[in-house]
Structure formats: C-alpha cells, structure tokens
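Just so you know, we're using our numbering here: the sequence shown kicks off at 1416 and counts up by one.
No residue lacks a Cβ here, since even glycine has one placed at the ideal position from N, Cα and C.
Keep in mind it's a predicted model, so treat the numbers as computed, not measured.
Here is the structure we will look at, set down as structure tokens.
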Amino acid sequence: MILDAIATGAAKTPKQAKILLKEQTIFNPIDMKAEPDSQSPTSAENQSLTDEPDDIKTTQQEFTPAIGTWVIIKIPLVPKERIPQRKWNGFWGRITAVGMTVKVDMGSEILSLLLSDVEVIENPQPDFCQVAERILRLQRFDTVHEFGKMILNRIQKRLSWNAATLTYLDAVEQIELAHRAIEQAF
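Pasting the structure below:
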C-alpha cells in the first residue's frame, strides 16, 4: 500500500504514504475495523461512534469513482507535511482516470489523489456541467491574464452562480477569445 501511494504520485516519501494510509483508515473506520468484542465495555461505545444507521450514508462510503464525476478537493491538514495539492482544497474538478488513485482535472493541472481526498458533488444544478466545462477550458489556457485567473479561481470554488458571476465568466472568455484571435492574426 505504501509503495502504491508513492508509485501513483499521491505521496513522495514513505512517511507521507504512511500518513495518507492512516488518514484513509481514519476516514473509513467501518471498512477497516474488525468485529467488535462483545465482552469489552467500550465496544458498544466504539460501535455507536463508528457505525452509522443504514439509512444515513456519507458520500465517502457510497462514492464509487467514475470518469466524468465532479468532485471537490478535500485534502486533510497534516501538520509538518507539505502537500502541494492542498492548494486546491475547496476547488472542484472532474475525475479523468480511476486506479489506485483518482486523477482529477482542475483545468490548469491534473491531480493524482486518494479517494479520501475528494468528495463527490451530488445532484449538481442543471447548468453546472456546462459552466464548469467552460471554466476548466479557460483554466487550461496559459494566456489568461492574472486578473482573469483570479476570477476563474473564485468561480471554481462555487457550485452555483448568479447572473453577475456568469457575466464575469463571459468577460474573461471574450477577452481570451480576442487575445487568441490577435495572436493568430500575427
């Protein structure tokens, strides 16, 4: 498991891999726990803390990664560990590949993350996918001005947008299209 985390790029050192595996154990206690000892006085308490009723399920337990699924990056804070992907916390992206890790398209880069580092976006607004595709496409362009990138980053942290936000997105898109047209003309 440690070698898998390093090989997929989710961790760079064995120490980081161990921490990531511990986090997975913490975030998925039901999957990792053994049968409770019925004679132990704390087993009932532990069971009530880790088990959830059948009708309540968290996104993490139900989530089966699939290509094209929209997710939000939620990398937990690990003291003294510098995880460069943590800068994407709160941003959404689209899963592009599934294996030992999930590859998430953030527009300007593809992240290789553990399943515990993402949370699925359930039932997005009807226009979410169209607008999200536009944002990811614009994020891929290196020529978008710094101010445009700031707007795109701000928009990429939201799940729904008002008319003013969409107007800003249109403006960034129009500026980028004009910039590309000028480049092609010369």
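Taking 8 Å as the cut-off, the beta carbon of L1551 is found no closer than this to the beta carbon of V1587.
Setting aside the 5 residues that flank it on each side, A1425 is surrounded in the same chain by L1435, T1516, S1527, L1528 and L1529, each with a C-beta closer than 7 Å to its C-beta; the list follows chain order. Under the DSSP assignment, K1518 falls in the beta strand (DSSP E) whose first and last residues are V1517 to D1520. Partner residues in the beta bridge of A1512, as assigned by DSSP, are K1518. Distance from the CA of W1507 to the CA of K1572, rounded to the nearest whole angstrom, comes to 6 Å.
As a beta-bridge residue in DSSP terms, I1488 pairs with V1533. Note that the C-beta distance between V1533 and V1519 is below 8 Å.
Distances from the CA of N1538 to each of H1594, Q1431, W1485 and D1585 were compared; the closest alpha carbon is that of W1485. The C-beta distance from G1563 to I1590 rounds to 6 Å, short enough to fall under 8 Å. The beta carbons of R1501 and I1490 sit about 5 Å from each other, so the pair counts as a contact at 8 Å.
For the pair L1574 and F1543, the CB atoms are nearer than the 8 Å cut-off.
Looking at the backbone, the Cα of V1559 and that of S1531 are separated by about 32 Å. N1568 has its alpha-carbon roughly 19 Å from the corresponding atom of V1535. Q1540 is the residue among Q1540, I1482 and E1598 whose C-alpha sits nearest the C-alpha of W1576.
Distance check between R1595 and each of I1570, F1556, L1492 and V1546 places F1556 closest, using alpha-carbon atoms only.
Inter-residue distance for I1482 and R1509 is about 8 Å (C-alpha atoms, whole angstroms).
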